Amino acid sequence: MTSDALMQGVYLDVPVKDWNFFKELIVKMGWKAQTKEELLDGFISSRNDVSPLTDEEILNEVRAVRYAK
């Protein structure tokens, strides 16, 4: 398989009925694929478990943006 530095990231909408065929093609070509859900799961699991902000600080920021005049 080629280095990630030489890979081009793309996003495709593939019909559900064609997904298994497309996955087989991806494997045969030596590519890798992730669904949006898998990509999001990977991102979330790589984040810190502890937020540097408290719930109250987050709510204050949301309110400031939502109710700003």
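Throughout the sequence shown, residue numbering follows the numbering used here, covering 17 to 85 in sequence.
The beta-carbon is built from N, C-alpha and C at its ideal position, and this holds for glycine as well.
Predicted model, so just to flag it, every value in this text is computed and none were measured.
| task | Could you pull the start and end residues of the alpha helix (DSSP H) that Ala49 belongs to? | result | The count along the sequence shown starts at 1 and reaches residue 49 at position 33. Premise fails: Ala49 is in no alpha helix (DSSP H) and is neither H nor E.
| task | Tell me whether Gly58 sits in a helix, a strand or coil according to DSSP, three-state version. | result | Position 42 of the sequence shown, counted from the first residue, corresponds to residue 58. Under the three-state reduction of DSSP output, Gly58 falls in the helix class.
| task | Please work out which residues of its chain come closer than 6 Å, Cβ to Cβ, to Ile60, disregarding the five sequence neighbours upstream and downstream, and give them in chain order. | result | Here residue 60 is taken as the residue at index 44 of the sequence shown, counted from 1. Here Ile60 has no same chain residue with a Cβ atom under 6 Å from its own Cβ, once five neighbours each way along the sequence are excluded.
| message | On the DSSP letters alone, give me the boundaries of the alpha helix (DSSP H) that Ala84 sits inside. | response | The residue you call residue 84 lines up with position 68 of the sequence shown. Under the DSSP assignment, Ala84 falls outside any alpha helix (DSSP H); it carries neither an H nor an E label.
| field | N-terminal and C-terminal residue of the alpha helix (DSSP H) that Asn36 is part of | value | Within the sequence shown, the letter at position 20 stands for residue 36. Segment Trp35 to Met45, the alpha helix (DSSP H) holding Asn36.
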